[in-house]
Every structure is written in C-alpha cells, then in structure tokens.
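Using mature numbering (1 follows the signal peptide of the UniProt record, and there is no 0), the letters of the sequence shown correspond one by one to residues -24 to -1, 1 to 408.
Glycine included, C-beta positions come from ideal geometry on N, C-alpha and C.
Because the structure is a prediction, the values reported are computed rather than measured.
Written below as structure tokens is the structure these notes are about.
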Amino acid sequence: MPKGISTLIFVLVILTAIASVASAEGVLDTKVMINYQNKPFAEVMTDLATQAKTLVKFDPAISGSITLDLGETTLSNAFNQIAVITETYWGLTPDGVIVVAPPNPKGPYFKDISEVRTIKVNHITVDEVVKALADHPYLGFAKPVQSINSLSVIAPPAIIARLEADVRRVDVPKPMTKTKVAVLDTSRVKDKRFNIDWEYTTGLESTGPTVRTIQLAGMDLGYTSIGAQKILMSLKNSYSKDELKIMAQPELVARDNEEATLSFVKRYTVPSAIFYGVTTPPAQFKEIEAGIKLKVRPRVIVGEDGEKWILITIEPNVSEVVGTGPYGVPVVNLREISSTLLVRNGETIIAAASVSDLGYEIKTVTKVPILSEIPLIGKLFIWPSKRREARNQEITILITPKILEAGEKEPEVEKAKVIIEERTPEKAQPTN
C-alpha cells in the first residue's frame, strides 16, 4: 500500500475515534424529564435509556426505589442526582454506554466507572500518609508504592479526587527545629545557680525567668525561659577564672518528630570474658564507650491560640571512666535519663549529672597458678586487695530547641560546630 494512502487511512481512523468520543459525550447533554415517585431503580434506568436513546448498564446488586423530581434537566445531571441518592457512581464508555455501579472492586462494572491514577507524595513518606489516613473511608482503593513514594489508586474519579485532596492535606513539609546544645564542665563553678536570680514557679503561665527541676536517675533535669546564651554570659566570670570549661557547642537540626544524635565519646577495646586463674590473656574483646551522648526528638505542637510549643524527648547519657579492673578494663560510671518535656519555643532545658564525692571500690585478686588451687593451703597463695578511687565532676548540658521559621537560614543537618577548650586522652572525643 502506498505510504500516502496508509497515512490517510490512519488520519481517518483517528478522526473517527474523536468523533465517536464527542458523540458519546454529547449524549450527556440530552434533555430528559425526571419525575419519579418511589419508582424501582431498574425502571428508572430503563426510562432514562429510552428518553436519551442510549444504552444504560447497571450492576444488578443495586436495588431500591427512587423519588426524584427535577423536571427537565440534562442526562448527566440526572445521573449525578441518582448517584447521590443510591450511593453509586456512573461513567461513560468510549462507545457511548452509560454504566452505573457501586464502588465495589469485585463488581462486574467497577472497571467501567473507575480510573487509574498515581498520587505523588512530595514532603513525607507514603507510609506516613497511609498512617495518617488510616481511618479514611477510601484508603482501601489505594496501594502504597514505596519505590516512587506514591499511592496507586483505582477508583471512580470522585473518590480519587477526595483521596487526593486528603493526601495533600497531610502531605505538607515537616517543621524543622534547630537544637542548640552547650556541654559544660561545671565541676569547679562555685555558684551552681549560674549567678542567675532564678524565680522558681510551678506553672507555665509565668512571664518572667523561671526554672523547674526534676530529679531522675541521678540527674537533675530542668527547663527555663532564659536562653542558653544568657546563661553562658552569666558564667563569663567563671569562665575567665578557669572554673568553667566549655566542652562543646554544637547545633542539631532535625525534621519534626525525627531523632538527632550528638556523640562525644572515647571508645575502649576491652576483654569480653575473663577467666581467673588462667595466665593466658583473653582472646575475646568488645568495645565500650565513655563520654557524652545526647539524643533529641523534637515535635512542634500548635496550641488553640496559634502559639507554637515544642514537645521534645531528650536522652542525655553521661559516662566516665572511674577506675580500672583486671587486665586494665575500664570501670565506667553511667548517668542517663529519658524524658519528654513540653517547652516554649526557645526555652532552655538543663540536664546536670552530679557525680561529686562518689567513691568507687575496685577489688582485685592475685593468684599463683596451680598452687592457689591446692585444697586447704591454696588460700595462702591468693592475695585479695581493695582500692578506692574518687572522682569529683559535674557535667551540665544546656539544650535549647527552636523552631526554624520559613526563610531562616538552616545549618547543615546534624553539623556540629564544636569548641573544645582542652583535650587530653581522658577527655571525650567527637565521633564521626
């Protein structure tokens, strides 16, 4: 067949298809009379098909009667009103057949009233969308596709539109929070109130500087409306006298309800098992850590008056080597808590691990191999000893969460600008 003729045939086919679709859609503008009084659904469908001179198919599962008085109206409006009454959906096939069916994926005409649509999720994960819409009446029509972070939906257009609108409602950028942290060695600071005239209160309504403290697991935990920078300024005199050491001043940035971690630790490789009386050094080892760890999980809460609060879970962990055991294994003292506080935007949380005047008793036993195992006289070849070590240290952590407003310059997520005043092998070192 000549190329020109084949091209002409192709164009004619396309034009015929377009004309067919236009003709099929044109039937929806046909005028019909609607005046039904308790008329069975099947008879209503037959009447509309007769008036519009078109074919109407419907799911036989639809039953009941219809009472509707619209007078003269278009065929499309008639089906819209009937769909509301019967809780059904309708569609038009390319060949002009009107199909009415309930939203039942197993129904015979479900595919004729449905479309396939992909709803892209932009700001959160599709799993978070599914969780947020867990009680949504139309979520069953959607399938999460994690690989493209989208919902794949097969449903009538009206259901898709409702589902997409609700996805957009929850798919919004998460608020960002910046948490400023100051890690201080306040062991030598004489005034533990940080030279500030605190006003102690028990409520959140106070507008002046306030501090509230909680005693948990060997740590003091409190929060104050005075910002961390003002506290540091009040400690300027202690800093100049070398009473205060600023160990670190990092900033952590995290999305809403996501965890950020700060870690300044030194790792020790130690034996994982020790067999007394055996002269061969242990062959099994593990790592232990000593230093400072901090985990924060902030969540932005908006009150009824529009004021923003921060619900923050903090997990400070302060550990230090306080002695040595057999084979030089470090003995680590640990202070840690986990607490959730509701604070105003910019309020400072204070966590202080007090380990002052705590003594640690280290027991060691020296044995003579073989001789120490002889009954009765073996004890003569065993020399137990005790050694008491004391440390005097207090670590104070200032934690100030702040909501990052739109347009505010954001530092790199979890990038910490660390200021170390003095580092020795005993000091904690930052980890990557």
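Among residues of its own chain, excluding the 5 on either side of residue i, which ones have a beta-carbon nearer than 8 Å to its beta-carbon?
i           : result
residue 411 : Beyond the ends of the chain as shown, which are -24 and 408, falls residue 411; an answer cannot be given.
residue 134 : 65
residue 122 : 101, 102, 103
Could you give the distance in angstroms between the alpha-carbon of residue i and the alpha-carbon of residue j?
i           : j           : result
residue 55  : residue 98  : 36 Å
residue 324 : residue 227 : 14 Å
residue 299 : residue 372 : 22 Å
residue 127 : residue 282 : 32 Å
residue 67  : residue 96  : 25 Å
residue 313 : residue 291 : 6 Å
residue 113 : residue 93  : 18 Å
residue 104 : residue 319 : 25 Å
residue 48  : residue 101 : 49 Å
residue 139 : residue 115 : 7 Å
residue 359 : residue 348 : 10 Å
residue 35  : residue 25  : 15 Å
residue 269 : residue 229 : 16 Å
residue 267 : residue 309 : 10 Å
residue 60  : residue 288 : 47 Å
residue 326 : residue 285 : 17 Å
residue 244 : residue 352 : 39 Å
residue 278 : residue 374 : 24 Å
residue 305 : residue 355 : 25 Å
residue 53  : residue 87  : 22 Å
residue 142 : residue 148 : 11 Å
residue 343 : residue 311 : 34 Å
residue 307 : residue 161 : 21 Å
residue 187 : residue 222 : Bear in mind that the predicted position of residue 187 carries a pLDDT of just 39, short of 50, making it too unreliable to give a figure here.
Looking at the unbroken beta strand (DSSP E) that takes in residue i, where does it start and where does it end?
i           : result
residue 294 : 284 to 300
residue 16  : 7 to 16
residue 103 : No beta strand (DSSP E) holds residue 103; the alpha helix (DSSP H) holding it covers 102 to 108.
residue 381 : Counting along the chain, residue 381 falls outside any beta strand (DSSP E), and DSSP gives it neither H nor E.
residue 161 : 152 to 161
residue 261 : 261 to 278
residue 411 : With the chain represented from -24 up to 408, any question about residue 411 goes unanswered, as that position is not in the structure.
residue 311 : 306 to 312
residue 315 : 315 to 320
residue 65  : 65 to 68
residue 222 : 221 to 224
residue 74  : 74 to 77
residue 118 : 118 to 121
residue 95  : 91 to 96
Would you check if the distance between the CB atom of residue i and the CB atom of residue j is smaller than 8 Å?
i           : j           : result
residue 246 : residue 265 : no
residue 46  : residue 6   : no
residue 21  : residue 8   : no
residue 158 : residue 225 : yes
residue 235 : residue 271 : yes
residue 163 : residue 370 : yes
residue 262 : residue 322 : no
residue 38  : residue 76  : yes
Excluding sequence positions up to five away, which residues of its chain have a Cβ less than 6 Å from the Cβ of residue i?
i           : result
residue 106 : 120
residue 131 : 90, 117
residue 16  : 41
residue 293 : 269, 312
residue 14  : 41, 43
residue 83  : 35, 77
residue 237 : 271
residue 4   : 51, 52
Compute the beta-carbon to beta-carbon distance between residue i and residue j, rounded to the nearest angstrom, for a pair I have assumed lies under 8 Å.
i           : j           : result
residue 85  : residue 44  : Not a contact, Cβ separation roughly 22 Å.
residue 2   : residue 30  : 10 Å between Cβ atoms; not a contact.
residue 156 : residue 376 : 4 Å
residue 69  : residue 78  : Between residue 78 and residue 69 the Cβ distance is about 17 Å, and since that is not below 8 Å, they are no contact.
residue 146 : residue 108 : 4 Å
Which residues mark the beginning and the end of the alpha helix (DSSP H) in which residue i is found?
i           : result
residue 34  : Not the alpha helix (DSSP H): residue 34 falls in the beta strand (DSSP E), residues 32 to 34.
residue 55  : 51 to 62
residue 138 : 133 to 146
Below 7 Å CB to CB, which residues in the same chain sit around residue i once its five sequence neighbours on both sides are set aside?
i           : result
residue 57  : 44, 46
residue 136 : 91, 93, 129
residue 144 : none
residue 350 : none
Using 8 Å as the limit for Cβ to Cβ distance, is residue i near chain C?
i           : result
residue 293 : Structure shown: chain C not included; a single protein chain is present.
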